[in-house]
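Engineer: In the working numbering, the protein residues as written are -10 to 295.
Positions of the beta carbon are idealized from the N, C-alpha and C atoms, including for glycine.
Nothing here was measured: the structure is a model prediction, and the numbers come from that model.
Let me give you the structure first, and then I'll get to my questions.
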Amino acid sequence: MSNNTTNGDVKKTQRIAVISGKGGTGKSLVTASIGFVLAHCGYKVLLVDMDLFTGGLTFFLSGLSEKPDRISRGLLDVFADKYEDKNKDNQNNCKIDKIKISHQFVDGNLFLLPSLSSRRRNVSELTISKDVSTLPQIMNILFRDVIGMEESFDYIIFDTRGGSDITSVGSALTCDKLVVVTEADKVSWDTGRILLDAIEDAWNAYCYDDPFPGVGFILNKNVLPPEGVETYLKKIWSAKHITTIPLDRDAIAYFQEDKMPIVEDISCEFSEAIVTGIGDFFDVMVGNSKISERYINLRIKAREKK
Ligand SMILES: Nc1ncnc2c1ncn2[C@@H]1O[C@H](COP(=O)(O)OP(=O)(O)OP(=O)(O)O)[C@@H](O)[C@H]1O
Ligand SMILES: [Mg+2]
């Protein structure tokens, strides 16, 4: 699917940041799954692993792409060289391995900007990880020097680190939509509120002219009837749209085999919930209707072909 609409207008790339107040809520998995569904529906998608600390997305997708120890340059190298090296103006500073995800359903449509590489740098040693005032510069480097050909993607989706830091707040500042992933516990909710407040503060400081991004919520790994949690979240977070994904034992088995449930098995609880959830999210938030219906039809056709 190209960016040029039939009447010749250039369609704007949608940028989405997947965030959460604490770690381990399922952000990387949600990012990878959204990317997979959209790419399978024919959209050109770039996933950006902004979790410079753990590189969860780079690891999650390594079964379909490259292991980090085979990646020569990742985002962490770009930021480190730009900020910490003496030869800051060296053109090679901005080079990165843009990795194509290889799978018959998404081939040619899904790409990853990895965070980690074989250089095994540690972000906590870099000044950029500590100084929030570097945010606008970092995001400028990312868009101007690294992504560059941004307009050729229909969607750019950022996976971030849990909590309020340069990876989550920085990504959010460049996005049209935010997806907050939460678990069903108070730590998730309270830290999620703190993160959204931090993003709002940074937005007012750097992006005050633009409207604040729309926010969608995913309640992940849920084990109890979700109604109580949904009512609570709607109250404390003013959440309008909440998607619930159950804790799924089959999905856990796939993860243990280094496989993604959304790729392997469309009918496991996790995949069903995420496809419907992404469909709802895209209908309501991004204005791209019938994503889930199209995706399920494509998967049924693929199964019939076998
Ligand atoms: N719905 C689910 N059912 C079962 N397991 C899940 C589900 N969602 C996520 N998990 C598991 O939870 C763990 C954390 O997921 P993931 O790495 O995507 O979270 P994260 O928010 O990106 O974590 P981090 O903050 O460390 O980057 C993984 O082991 C993943 O396989
Ligand atoms: Mg992660």
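Do you know how far the Cα of Glu216 is from the Cα of Ala228?
Structural biologist: Roughly 13 Å between the two C-alpha positions.
Engineer: Using only the heavy atoms of ligand 1, determine whether one of them is closer than 7 Å to the beta carbon of Val170.
Structural biologist: True, at least one ligand heavy atom lies under 7 Å from that Cβ.
Engineer: Could you give the residue range of the alpha helix (DSSP H) that holds Gln245?
Structural biologist: It spans Arg238 to Gln245 - the alpha helix (DSSP H) in which Gln245 sits, taken as one unbroken run.
Engineer: Just to confirm my understanding: we take Phe42, look at its own chain, exclude 5 residues before and 5 after, and list those with CB closer than 6 Å. What are they?
Structural biologist: Cβ within range, chain order: Val112 and Arg150.
Engineer: Closer than 7 Å by C-beta to Asp66: which residues in its own chain qualify, once you throw out the five before and the five after it? Chain order, please.
Structural biologist: For Asp66, where only same-chain residues beyond five positions count, the Cβ hits under 7 Å are Ser106, Arg108 and Arg110.
Engineer: Within a Cβ cutoff of 6 Å, which residues of the same chain sit near Leu35, ignoring the five residues on either side of it in sequence?
Structural biologist: Here the set comprises Phe100, Phe142 and Ile145.
Engineer: Of all the options Lys84, Ser157, Val19 and Lys87, which has the alpha carbon lying nearest to the alpha carbon of Val264?
Structural biologist: Selected option, being the one with the closest Cα: Val19.
Engineer: If you count every other CB in all the chains shown that lies within 10 Å of the CB of Thr171, and 16 or more means buried, which is it?
Structural biologist: Under this definition Thr171 is a buried residue.
Engineer: Whole angstroms are fine: how far does the CA of Lys119 sit from the CA of Leu287?
Structural biologist: In a straight line, the C-alpha of Leu287 is about 45 Å away from that of Lys119.
Engineer: Touching or not, the segment 225 to 244 and the segment 5 to 13, by the rule of three or more beta carbon pairs under 8 Å?
Structural biologist: No, because fewer than three Cβ pairs between the segment 225 to 244 and the segment 5 to 13 fall closer than 8 Å, the two stretches do not touch.
Engineer: What do you reckon, is the C-beta of Ser17 under 7 Å from a heavy atom of ligand 2?
Structural biologist: Within the cutoff, so yes.
Engineer: Is DSSP giving Pro125 helix, strand or coil here?
Structural biologist: Helix, per DSSP.
Engineer: What is the rounded straight-line gap between the Cα of Ile127 and the Cα of Val135?
Structural biologist: Near 11 Å, if we compare the C-alpha coordinates of Val135 and Ile127.
Engineer: Between Asn82 and Phe49, what straight-line distance do the alpha-carbon atoms span, to the nearest angstrom?
Structural biologist: Taking the straight line joining both Cα atoms gives about 26 Å.
Engineer: By Cβ distance below 8 Å, which residues in the same chain neighbour Ser177 in space, the five residues on each side in sequence not counted?
Structural biologist: Closer than 8 Å at the Cβ level, and outside the excluded window around Ser177, lie Ser9, Gly10, Lys11, Thr14 and Thr171.
Engineer: Out of curiosity, what's the CA-to-CA distance linking Asn209 and Ser260?
Structural biologist: Asn209 and Ser260: Cα-Cα distance of roughly 12 Å.
Engineer: Thinking Gly152 and Leu184 are a contact (beta carbons under 8 Å), I'd like their distance in whole angstroms, please.
Structural biologist: Right, the Cβ-Cβ distance comes to about 7 Å (below 8 Å), so this counts as a contact.
Engineer: Would you tell me roughly how many angstroms separate the C-alpha atoms of Asn(-4) and Ile267, rounded to the nearest one?
Structural biologist: Since pLDDT at Asn(-4) reaches only 47, below the 50 mark, its modelled position is unreliable, and the value read off the structure follows with that caveat. Going by the C-alpha atoms only, they are around 28 Å apart.
Engineer: Taking Gly203 as part of the alpha helix (DSSP H), name the residues at either end of that continuous run.
Structural biologist: Per DSSP, Gly203 belongs to no alpha helix (DSSP H); it is in the beta strand (DSSP E), Gly203 to Asn211.
Engineer: From Pro125, Gly276, Arg238 and Phe270, pick the residue whose C-alpha is nearest to that of Ser157; which is it?
Structural biologist: Of Pro125, Gly276, Arg238 and Phe270, the residue nearest in Cα terms is Pro125.
Engineer: What does the Cβ neighbour count give for Asp190, buried or exposed, with the cut at 16 atoms within 10 Å?
Structural biologist: Flag for Asp190 reads exposed.
Engineer: Residue ranges of each beta strand (DSSP E) run of no fewer than 3 residues wholly in the segment 153 to 229, ordered along the chain?
Structural biologist: Within the segment 153 to 229, the complete beta strand (DSSP E) runs of at least 3 residues are 166 to 171 and 203 to 211.
Engineer: Considering only the alpha carbon of each residue, which of Val26, Gly63 and Asp40 lies closest to Val95?
Structural biologist: Of the candidates Val26, Gly63 and Asp40, the one whose C-alpha sits nearest the C-alpha of Val95 is Val26.
Engineer: Is the closest heavy atom of ligand 1 to the C-beta of Lys229 under 7 Å?
Structural biologist: Incorrect: Lys229 has no Cβ contact closer than 7 Å to ligand 1.
Engineer: Using 8 Å as the threshold, is the C-beta distance between Val273 and Lys166 below it?
Structural biologist: Not in contact: Val273 and Lys166 (Cβ atoms no closer than 8 Å).
Engineer: I need the boundaries of the beta strand (DSSP E) containing Pro235, first residue and last residue.
Structural biologist: Here the beta strand (DSSP E) through Pro235 covers Ile231 to Pro235.
Engineer: Going by the C-beta, is Thr47 closer than 7 Å to any heavy atom of ligand 2?
Structural biologist: Thr47: no, Cβ never under 7 Å from ligand 2.
Engineer: What do you reckon, are the CB atoms on Ser104 and Gly44 nearer than 8 Å?
Structural biologist: Yes, the pair counts as a contact, with Cβ atoms nearer than the cut-off.
Engineer: Rounded to the nearest angstrom, what separates Glu253 and Ala242 at their Cα positions?
Structural biologist: Whole-angstrom Cα-Cα distance: 11 Å.
Engineer: Compare the Cα-Cα distances from Phe147 to each of Leu102, Ile255 and Ile188 and report the closest residue.
Structural biologist: Considering only alpha carbons, the answer is Leu102.
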